[in-house]
Structures are given as C-alpha cells and as structure tokens.
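Numbering (the UniProt record's numbering), first residue to last: 1 to 273. No residue lacks a Cβ here, since even glycine has one placed at the ideal position from N, Cα and C. Keep in mind the model is a prediction, meaning the values are calculated, not measured.
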Amino acid sequence: MATYVIGDIQGCFYQLQCVLEKVNFSPAEDKLWVVGDLVNRGPNSLETLRYIYKLGDSCKIVLGNHDLHLLAIAHGVQPHKKQDTLSDILTAPDRDQLLHWLRHQPLVYYDEANNMAMVHAGIPPQWSIKKALARAAEVEEVLQGEHFIDFLSNMYGNQPNRWDKSLKGWPRLRLITNYFTRMRFCNCLGELELSAKGSPKEGPKGYKPWYLHSKRKAKDTTILFGHWAALEGKTESESHNVFALDTGCVWGNHLTLMNVESKKITTCRCKTQ
Numbered sequence: 001m002a003t004y005v006i007g008d009i010q011g012c013f014y015q016l017q018c019v020l021e022k023v024n025f026s027p028a029e030d031k032l033w034v035v036g037d038l039v040n041r042g043p044n045s046l047e048t049l050r051y052i053y054k055l056g057d058s059c060k061i062v063l064g065n066h067d068l069h070l071l072a073i074a075h076g077v078q079p080h081k082k083q084d085t086l087s088d089i090l091t092a093p094d095r096d097q098l099l100h101w102l103r104h105q106p107l108v109y110y111d112e113a114n115n116m117a118m119v120h121a122g123i124p125p126q127w128s129i130k131k132a133l134a135r136a137a138e139v140e141e142v143l144q145g146e147h148f149i150d151f152l153s154n155m156y157g158n159q160p161n162r163w164d165k166s167l168k169g170w171p172r173l174r175l176i177t178n179y180f181t182r183m184r185f186c187n188c189l190g191e192l193e194l195s196a197k198g199s200p201k202e203g204p205k206g207y208k209p210w211y212l213h214s215k216r217k218a219k220d221t222t223i224l225f226g227h228w229a230a231l232e233g234k235t236e237s238e239s240h241n242v243f244a245l246d247t248g249c250v251w252g253n254h255l256t257l258m259n260v261e262s263k264k265i266t267t268c269r270c271k272t273q
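Next up, the structure:
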C-alpha cells in the first residue's frame with residue numbers, strides 16, 4: 001500500500017492515467033491525494049472529475065481556484081471565459097452529482113498521524129496548522145451550506161490582502177480563500193501580492209514565496225501544494241519541509257506524482273489525446 005500525491009491535473013486526463021500506470025496505482029490498495037485544480041484549461045475536465053469522484057475513499061482532494069471557478073460558473077455567478085474548458089462538465093447528465101461532491105471537499109487536508117498537510121496554494125506564515133484548519137473550516141461551512149451561491153458571488157477580488165482577526169463576513173472569507181487557493185508571494189505579515197506569478201527570483205520587492213519566511217508558524221509540518229507552475233516542482237531547499245507538485249502539465253510540461261512515504265517522483269509528458 002502506498003500514498004501518492006499529484007500536482008494540478010487541470011483536465012489533463014490522459015497524463016493522469018499515464019502517471020498512475022507507471023506506479024501501478026491500485027484504488028483497492030493505494031491512496032491518491034490531489035492538490036486541487038482538477039479541472040480547467042486542459043482538454044478532458046469531465047473525464048478527470050468523474051475518475052477522481054469514482055475513486056471514493058481511495059482519494060483525498062483539496063479545492064483549487066479553478067475548482068471554485070467551475071462552481072461559480074455552474075451556479076451562474078461568473079461567465080464562462082474564453083480560456084475556460086468546462087463546457088463538458090456543465091452539459092454533462094451527471095453534472096449536479098459531480099458539482100455537489102466537489103462543493104463538499106475541503107480547502108486543507110491534514111494527516112495528523114504524519115503531521116502532513118495538503119493545500120492548493122499554501123499556508124500563510126502567520127498561521128499554525130491549527131489556525132489554518134480553523135480558518136479553512138469557516139469557508140467550508142459556508143460553501144457546503146445553503147448560502148454557498150452568495151459565497152461564490154463574493155469570493156472574487158484581491159482585497160483585503162492581509163489577515164486581521166477582526167475581519168468579518170465576505171471580506172474575511174475571501175481573504176481566507178485567497179490564502180489557500182491563490183497565494184504565491186506575501187510579506188512576513190502575510191500581506192498578499194497576487195499579481196506576480198513568476199519564479200521566486202521575479203518576486204516584487206519586500207515579498208517572498210510564502211514558504212520562505214523564517215518565522216513561518218507551520219514550518220514543522222510537511223506541506224504539499226500545487227498552484228505555482230513557475231516553481232517547476234522546486235522550492236529551493238527541501239529543508240523547508242514543503243513540496244511543490246504543480247509542474248505545468250497543462251502548459252506543455254509534465255504531470256508530477258510523488259510517493260508520500262518515499263518522496264520518489266514520477267512524471268508523465270505523454271501526448272494529450
């Protein structure tokens with residue numbers, strides 16, 4: 001039995017099948033963790049979503065920004081953009097079943113036994129794992145509740161960009177969501193800079209990748225994340241106890257799978273069919 005974690009799939013279904021075949025993945029024996037962004041931009045979002053859904057208890061996922069964007073489009077609070085590749089899901093006969101399941105997935109998954117957390121973008125330096133799980137639960141409660149469409153309508157935007165425990169309502173939930181699903185660069189106080197998407201060397205003055213802050217409160221927890229393709233799977237030093245899994249498959253690079261126990265990396269760059 002092995003546990004694997006995979007980077008942003010984004011509808012690249014055939015690369016997903018390729019990399020799982022390379023490790024002889026068996027849903028009956030193995031576990032698969034997915035760091036979010038199951039769908040969008042790639043050609044086979046529906047097949048990807050259906051496959052992950054059918055894995056059932058063999059799979060753990062966290063929501064990424066593209067997964068939330070799918071929910072927003074499906075419930076009429078955002079337009080379907082030209083670059084989106086979600087039409088197959090939106091017109092599928094099982095769309096409601098799939099979207100209901102997706103809406104009930106977490107923003108952060110924590111394996112307490114191994115002190116290991118999975119999140120799409122990251123955990124801001126000012127939050128411990130305990131605080132991160134509590135903040136994630138705030139969003140999850142609303143997203144899974146009767147007012148979820150109101151949440152989806154209010155989650156877009158870059159402000160506020162710094163945590164303050166006095167924040168309330170939609171601004172509070174928007175910032176929490178941005179930390180977990182959109183963050184790359186921030187300063188030591190957790191103030192977000194959301195426009196920069198390049199490599200760490202291209203970051204704006206005064207900001208660092210979230211995982212490089214020396215006083216990061218979750219530094220003793222192993223963190224698995226995606227979202228940041230420009231990292232190319234590298235976080236400069238594994239001593240930071242963080243592992244980047246998004247290696248830009250949807251942009252023509254490759255899909256990365258890591259064995260959680262051994263840290264062995266398997267990749268696939270097979271052609272999209």
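Does DSSP put residue i in a helix, in a strand, or in coil?
i: Tyr4; result: strand
i: Asn161; result: coil
i: Val142; result: helix
i: Cys268; result: strand
i: Asn259; result: strand
i: Trp251; result: helix
i: Val19; result: helix
i: Phe25; result: coil
Counting only the same chain and skipping the five closest in sequence on each side, list residues whose C-beta sits under 6 Å from that of residue i.
i: Ile9; result: Leu16, Leu38, Thr48
i: Thr221; result: Asn115, Ala117, Ile129
If you drop the 5 nearest sequence neighbours on each side, which residues of the same chain put their C-beta closer than 8 Å to that of residue i?
i: Ile223; result: Met116, Ala117, Met118, Val119, Gly122, Ile123, Tyr211, Asn241, Val242, Phe243
i: Thr272; result: In this prediction, Thr272 has a pLDDT of 46, which is less than 50 and means its spatial position is unreliable; nothing more can be read from the coordinates.
In or out: residue i buried (at least 16 other Cβ within 10 Å) or exposed?
i: Met258; result: buried
i: Leu189; result: exposed
i: Glu141; result: exposed
i: Gly226; result: buried
i: Leu255; result: buried
i: residue 281; result: Outside the displayed range of the chain (1 to 273) lies residue 281, so it cannot be described from this structure.
i: Trp251; result: exposed
i: Cys106; result: In the sequence under discussion, the amino acid at residue 106 is Pro, which differs from the Cys named in the question. By the 10 Å Cβ count, Pro106 comes out buried.
i: Asp67; result: buried
i: Arg135; result: buried
What does a CB cutoff of less than 7 Å around residue i pick up in its chain, not counting 5 residues either side in sequence?
i: Met183; result: Ala121, Gly122, Pro124, Leu192, Trp210
i: Leu152; result: Leu71, Ala72, His75, Val77
i: Leu143; result: Arg103, Phe151
i: Tyr207; result: Phe185, Cys186, Asn187, Glu193
*Are the stretch 195-203 and the stretch 221-237 touching by the rule of at least three beta carbon pairs closer than 8 Å?*
yes
*Considering only residues of the stretch 54-139, which uninterrupted beta strand (DSSP E) runs meet the minimum length of 3 residues and lie entirely inside it, listed in chain order?*
Annotation note: the stretch 54-139 contains the following uninterrupted beta strand (DSSP E) runs of length 3 or greater, listed N- to C-terminal: 59-61, 108-111, 116-119.
_Restricting to runs no shorter than 3 residues, where is the beta strand (DSSP E) found entirely within the stretch 169-222?_
none
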